[in-house]
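J.: Supplied in structure tokens, the structure appears directly below.
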Amino acid sequence: MKQEPLTVLVVDDELPIRQELRLVPWGELGAELVGEAENGEDALFFCRNFSPDIVITDITMPVMNGLDLFRALKRESLSPQVILLTCHSDFAYAKEAIRLGAVDYLVKVAMEQEDLERALLKAKEAIDRERSIRRSETERRRWALSRKLAQLALPNSREETVESIFREALGGMPPCLTALHADTKKENRRLVGREIEERLSGSELLQAPFRWIPAREGTYLLLIDRSAGPSSSLRARLDTLLQSLSEHLEKELSFLSDAIRLYAVVSEPIRDGIRWSELLSSVAGEQPQRFYDSTSRILYARSQSHAIPGEAEIRTMEARMRRAKHDQAGLLEWLGDELPKWALKHRLPPERLKRLLTEWRREWAPGTDEEPGQTDDVHLEEAIADASSLAELISALVHEAEKAGGKKKPRKEIAEAMRFIEENLGSSITLPVVANRVGLSPHYVSRLFREEAGVSFNDFITRKRMEKAAELLQTTTMRVYEVANAVGVPSYRYFTAMFREWMGVAPSEYKKG
1 MKQEPLTVLV
11 VDDELPIRQE
21 LRLVPWGELG
31 AELVGEAENG
41 EDALFFCRNF
51 SPDIVITDIT
61 MPVMNGLDLF
71 RALKRESLSP
81 QVILLTCHSD
91 FAYAKEAIRL
101 GAVDYLVKVA
111 MEQEDLERAL
121 LKAKEAIDRE
131 RSIRRSETER
141 RRWALSRKLA
151 QLALPNSREE
161 TVESIFREAL
171 GGMPPCLTAL
181 HADTKKENRR
191 LVGREIEERL
201 SGSELLQAPF
211 RWIPAREGTY
221 LLLIDRSAGP
231 SSSLRARLDT
241 LLQSLSEHLE
251 KELSFLSDAI
261 RLYAVVSEPI
271 RDGIRWSELL
281 SSVAGEQPQR
291 FYDSTSRILY
301 ARSQSHAIPG
311 EAEIRTMEAR
321 MRRAKHDQAG
331 LLEWLGDELP
341 KWALKHRLPP
351 ERLKRLLTEW
361 RREWAPGTDE
371 EPGQTDDVHL
381 EEAIADASSL
391 AELISALVHE
401 AEKAGGKKKP
411 RKEIAEAMRF
421 IEENLGSSIT
431 LPVVANRVGL
441 SPHYVSRLFR
451 EEAGVSFNDF
461 ITRKRMEKAA
471 ELLQTTTMRV
481 YEVANAVGVP
491 SYRYFTAMFR
501 EWMGVAPSEY
511 KKG
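Start counting the sequence shown at 1; every next residue gets the next number (full-length UniProt numbering).
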């Protein structure tokens, strides 16, 4: 994984020195200048809020000098590597700073870029050593805590196990439990897990109140200290973490990213007398609510707030289905409106709902009893079993009912996706964005596109872009590069090659007619 640049704060009361250091090609040195301060007091405030990796500081300054800044950083357990800027007369101070742990000092009047590069390399080596030690110790503790966590699944487990985990990991109780879930196919879990764990470890090193522990394959317990702030702050941090993980997986595992779904589950607030095993299970266990809230990235585990229907209510719903099944319009209304509302109200365990609908479907789907094993029937039952959300389940059933009635129009979700694509050709269009727009999973949308449009999702977008480009080239005075931008292909060279492949001629020739 590409290493992030080291962040640098420059502290000096002399403006010319700060201006000179701004001109350093920090990127070439594997660093980034993230801030400046005129004295130690301002620098200390910056370090408290932004935690730079390296502080390059003058020794002699007003308000708070460089040595006092260094001592304050140590006293507050802030741990940037410190490089000193010194004049010849400051050597006694420089020696004291080196004794305190500064990695190097630079003489202002004689400083060259090579000297700065050497000092930054020393700082980087020190940072890498520290992180390696911290990571090694953190990993040892993490897996020990994970084993303790596993004890909660055993009969007669002791409730104090979780409390001891929090005391050891955070030094106190968090306001709630949070779990990160990564849903993907079984054969991909190890590969996906390795990338997620590497990214989580990097986040952990940068954020002191944040720890993580593996709960089970694909699920991680996130321990976030009370100092993280109110619930709104927690949600913001989770949003940032999920976005960071999604972008990382998109980059490192682009061939799998459409088949990975990340989400977090937050428990109820921790209170006295709570049963830890139940609280842990509510966030780290299987999440049937994900089936009903498939587009939400952050879910909240709450006490049961919906009424599981009894047999009488199920039979009543069954009777409504039987009244509706004789008329296709009535059946479609029941499937598309009444059934989803009933399912969302009662939230049956997903597998039970699927079994129930498989049974009911036999009453309205023609031929399911007389000719079992038909290809369409098998595909539909597979679609029901594989549905990862209520929206996918309803979509499959509605589509079958429409086909049975002779309707040939595309499913409404795919029609909406096609309309969205055509209206946004000039923007970046990705499968996850479109899937979220229509309320289905990326994997399911990809499959439906092939079934409905006869081409892949990406080929459909390319075709629409080339058709729009051809229209603009013939009907407007736009230049070729302007047309390329207008259809979402900002690279002129790539657009020209793509247009030639689809239309058989270069865009400039096509424009000439």
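All residues carry an ideal CB built from backbone N, CA and C; glycine is no exception.
Everything numeric in this text was worked out from a predicted model, so none of it was measured.
By Cβ distance below 8 Å, which residues in the same chain neighbour S427 in space, the five residues on each side in sequence not counted?
T.: Excluding positions up to five away in sequence, the list reads G488.
J.: In its own chain, which residues sit with a C-beta less than 7 Å from the C-beta of Q81, not counting the 5 before and 5 after it?
T.: The answer, listed in chain order, is D53, I54, V103, A123, A126 and I127.
J.: Would you grab the beta carbon distance between L234 and R199 for me? Rounded to a whole angstrom, and I think it's under 8 Å.
T.: Not confirmed; about 19 Å, so no contact.
J.: Any idea what DSSP makes of L440, helix, strand or coil?
T.: In this structure, L440 counts as coil in the three-state DSSP scheme.
J.: In the DSSP output, which residue or residues are listed as bridge partners for G330?
T.: For G330, which the question treats as bridged, DSSP gives no partner whatsoever.
J.: For G35, which residues does DSSP report across the bridge?
T.: L9.
J.: Near A208, which residues of its chain fall below 6 Å by C-beta distance, leaving aside the five closest residues on each side in sequence?
T.: Since pLDDT at A208 reaches only 48, below the 50 mark, its modelled position is unreliable, and no value is offered.
J.: Between which two residues does the beta strand (DSSP E) containing V266 stretch?
T.: Run containing V266: R261 to V266, per the beta strand (DSSP E) assignment.
J.: What first and last residue would you give for the beta strand (DSSP E) that runs through V82?
T.: From DSSP, the beta strand (DSSP E) with V82 extends over Q81 to T86.
J.: Which value, in whole angstroms, describes the spacing of the CA atoms of G30 and E130?
T.: Cα-Cα distance, rounded: 18 Å.
J.: L280 and A182 - do their beta-carbons sit closer together than 8 Å?
T.: No, they are not a contact pair.
J.: Could you check whether L431 and K468 sit closer than 8 Å to each other, using their CB atoms as the reference points?
T.: Cβ atoms of K468 and L431: not closer than 8 Å.
J.: Between Y492 and the rest of its own chain, which residues show a CB-CB distance below 8 Å, the 5 nearest in sequence each way excluded?
T.: Taken in chain order, the residues that qualify are V480, Y481 and A484.
J.: I need the boundaries of the alpha helix (DSSP H) containing I461, first residue and last residue.
T.: Element bounds for I461: F457 to T475.
J.: Quick one: measure Cβ to Cβ for G40 and V63, integer angstroms, because I've assumed they're closer than 8 Å.
T.: About 7 Å separates the two Cβ atoms, so the contact holds.
J.: Throw me the rounded Cβ distance for the A215 and L223 pair, which I believe falls under 8 Å.
T.: In fact, because the Cβ distance is near 11 Å, the residues do not count as touching under 8 Å.
J.: D13 and E38 look like a contact to me (Cβ under 8 Å); what is the Cβ gap, rounded to whole Å?
T.: The Cβ separation is near 5 Å, so the contact holds.
J.: Output yes or no for whether 8 Å exceeds the beta carbon distance between M498 and T475.
T.: Contact flag unset, no.
J.: What does DSSP give as the partner residues of V107 in its beta bridges?
T.: Its beta-bridge partners are T86.
J.: Is it right to say R22 is buried, meaning 16 or more other beta carbons lie within 10 angstroms of its own, or is it exposed?
T.: Result: exposed.
J.: How far does the alpha helix (DSSP H) with A415 in it extend, from its first residue to its last?
T.: Run containing A415: K412 to E423, per the alpha helix (DSSP H) assignment.
J.: Select from L473, M418 and A264 the residue whose C-alpha is nearest the C-alpha of C176.
T.: C176 has its Cα closest to that of A264, out of L473, M418 and A264.
J.: With a threshold of 8 Å, are at least 3 pairs of Cβ atoms found where one atom belongs to the segment 388 to 402 and the other to the segment 441 to 449?
T.: Yes, the segment 388 to 402 touches the segment 441 to 449.
J.: How is R237 classed by DSSP in three states: helix, strand or coil?
T.: Helix at R237.
J.: Does the distance from the C-beta atom of A97 to that of L106 stay below 8 Å?
T.: In this structure, L106 does not lie closer than 8 Å to A97 by Cβ.
J.: As a quick exercise: from Y300, S296, Y292 and R271, pick the residue whose alpha carbon is nearest that of A284.
T.: Of Y300, S296, Y292 and R271, the residue nearest in Cα terms is Y300.
J.: Note down, in chain order, each residue of its chain lying with its Cβ closer than 7 Å to the Cβ of C87, except the 5 sequence neighbours on either side.
T.: Within the same chain, C87 has close Cβ partners K108.
J.: With distances taken between CB atoms, is the gap from E413 to L440 smaller than 8 Å?
T.: Yes.
J.: Going by C-alpha to C-alpha distance, which of A417, L335, R419 and W364 sits closest to I326?
T.: At residue 326 the sequence reads His, which differs from the Ile that was named. The residue with the shortest Cα to Cα distance from H326 is W364.
J.: Among the candidates W334, V10, E28 and L15, whose CA atom is the shortest distance from the CA of E4?
T.: Among W334, V10, E28 and L15, the Cα nearest to that of E4 is on E28.
J.: Below 8 Å between beta carbons: does that hold for F472 and M466?
T.: What sits at residue 472 in the sequence shown is Leu, not Phe. Cβ distance not < 8 Å, so L472 and M466 don't count as in contact.
J.: Buried or exposed for I319, going by 16 or more other Cβ atoms inside 10 Å?
T.: The sequence as given places Ala at residue 319; Ile does not occur at that position. Answer is exposed; the Cβ neighbour count stays below 16.
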